[in-house]
Every structure is written in structure tokens, then in C-alpha cells.
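S.K.: Before anything else, here's the structure in question.
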Amino acid sequence: MEKLAKEFDVTVTPEDLDAAVQSQIDQLENADEYAENVEKYFGWDVETFKQNIIYIEVLRDNLIEAGIPKKVAEEKAQKVLAKVNKGKQSFEELAKEFSDDPGSSENGGDLGFFGKGVMVEAFENAVFALEVGQISDLVETEFGYHIIKVEDRRVDGENEQVQASHILIASENDFAVFFEDYKNELKIKNFISK
């Protein structure tokens, strides 16, 4: 997490640490009881606890507040889009390799046929604007960044449906999942112990 913080210039100030400790003390309404609990459960004094545990919690919160998981997801999505545009691997292969969508990644990103009103608005707007065979730029939704390919289109009266595939690069709200992905990408092993 330190490497990530340094890369994105995210810091933890002594005031941040003091405020976090004070917040925990306020919940107990008793500083002595707080110190006793820290000693009992961790074997540390409050200052050591602050430097070893509170620091990590505050750093995690500061990284999230700075939007770092989203920035990392966008960078990864840009790299995947570049691979798609190079055309050395099929869209299906890249979806299997990179997509974070558990429902479609194993099928090469295939979402099947769907009509309007099924997908979230930004995704739907992008997919219905594409021609068959066309690939989108990055499309941002609340799930992350999508790269979309329209495979087929059919019209039955006024009902239009498209068959599309996508690659989803999730912008993790769950920091534990995000950080695990980040560690794996950097090939960091055993950075965080239990």
C-alpha cells in the first residue's frame, strides 16, 4: 500500500492519525478503556497501535478518497483498449484474459442479444450507437470501464436488439479486492501478512 500511496502522492499526516484515534476513543467514551483494550488485544501501547494499525486504515481511506482505485482501473482499461486496437489477439481472447465480469468473461465477453432498457444508461447509449463489428472507446459506468463490441443487430418491428460483447475493467469499491489485484499486477508477494 505504501508503494501505491507514493506512486499517487497520497499521504497520512500526524493530524490524520490523531483524529482517527480520537474517533475510536470517542466511540468508547473513555481514553483509559481504549488504551486497556489496545494493550489487551494487541499487546501495544496506543502510540504503537496508531503507527501499526491506524496508519494502514487511514492510508487506505485516503487512497480511496483520492480515487486511486478508479485511476488504476482506468489506466488498466486504456492498456487493454490498446491491445484490442492492435488486433493481435481476438476480442474474445482479451475478454477471457482481462474482463472482470464473471458472467461473461468465460464466454469471451458475450452478453447475448438485448434490447433497450436492459443495460445501464451509459452502456446502452454506447452500444446502440455502434455499428456491427465496431468497437467502442472506454465507456464508464458505475461498474467500471467497458470496451464494447457489437457482434450483431436485429430489428423486429420497432424492437431493436443488439448482440454485444464487452470487456469490463472494474473500478473496485472494495479496497481489499482492489489492492489484491494491484499486488498481483505488480507481482508483489507476501506484502501484507495476516
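13 is the number of the first residue of the sequence shown in my numbering; add one for each residue after it. No residue lacks a Cβ here, since even glycine has one placed at the ideal position from N, Cα and C. Treat the numbers as computed from the prediction; the structure is a model and nothing was measured.
Candidates Phe54, Val130, Lys62 and Lys82: which alpha carbon is nearest Gln34's?
M.R.: Cα-wise, what sits closest to Gln34 is Lys62.
S.K.: With distances taken from CA atoms, which of Ile66, Leu142 and Asn119 is nearest Ile37?
M.R.: The residue with the shortest Cα to Cα distance from Ile37 is Ile66.
S.K.: Under the three-state reduction of DSSP, which class applies to Val70: helix, strand or coil?
M.R.: Residue state, collapsed to three classes: helix.
S.K.: For Phe103, count neighbouring Cβ atoms within 10 angstroms of its own Cβ and tell me buried if that reaches 16, exposed if not.
M.R.: The residue in question, Phe103, is buried, as its Cβ has 16 or more Cβ neighbours within 10 Å.
S.K.: Just the Cα atoms here: how many angstroms apart are Ser148 and Asp168?
M.R.: Roughly 25 angstroms between the two C-alpha positions.
S.K.: Contact check, Ala89 vs Ile181 under 8 angstroms by CB: the rounded distance?
M.R.: Right, their Cβ atoms sit about 4 angstroms apart.
S.K.: Return yes when the Cβ of Gly129 is within less than 9 angstroms of the Cβ of His178, no when it is not.
M.R.: Their beta carbons are not under 9 angstroms apart, which means His178 does not touch Gly129 by this criterion.
S.K.: What residue range does the beta strand (DSSP E) around Asn171 cover?
M.R.: It spans Asn171 to Ala182 - the beta strand (DSSP E) in which Asn171 sits, taken as one unbroken run.
S.K.: I need the DSSP call for Lys100, collapsed to helix, strand or coil.
M.R.: Coil, per DSSP.
S.K.: With which residues is Tyr157 paired in a DSSP beta bridge?
M.R.: Bridge partners of Tyr157: Glu152 and Ile181.
S.K.: In the DSSP assignment, the beta strand (DSSP E) including Phe125 goes from what residue to what residue?
M.R.: Phe125 -> beta strand (DSSP E) spans Asp122 to Gly127.
S.K.: With which residues is Ile147 paired in a DSSP beta bridge?
M.R.: DSSP lists Lys161 as partners of Ile147.
S.K.: Which same chain residues end up closer than 8 angstroms to Glu211 when comparing Cβ atoms and leaving out the 5 residues on each side of it in sequence?
M.R.: Because residue 211 is not part of the residues shown, which for the chain are 13 to 206, the question remains open.
S.K.: Have a look at Thr25 and Glu41 and give me their C-alpha separation to the nearest angstrom.
M.R.: Straight-line Cα distance between these residues: approximately 24 angstroms.
S.K.: So the candidates are Glu143, Met13, Val50 and Val58; which of them puts its Cα closest to the Cα of Ile76?
M.R.: Ile76 has its Cα closest to that of Met13, out of Glu143, Met13, Val50 and Val58.
S.K.: Per DSSP, which residues does Asp168 bridge with? Please list them.
M.R.: In DSSP, Asp168 forms a bridge with Asn171.
S.K.: On a CA-only basis, which of Gly156, Val174 and Glu172 is nearest Lys83? Give me that one, please.
M.R.: Here the closest residue by C-alpha is Gly156.
S.K.: Would you report the Cα separation of Lys98 and Glu109, rounded to the nearest angstrom?
M.R.: Their Cα atoms are separated by approximately 16 angstroms.
S.K.: Buried or exposed: Phe135, going by 16 or more other Cβ atoms within 10 Å of its Cβ?
M.R.: It counts as buried.
S.K.: With H, G and I counted as helix, E and B as strand and the rest as coil, what does DSSP make of Thr60?
M.R.: Here Thr60 sits in helix by DSSP.
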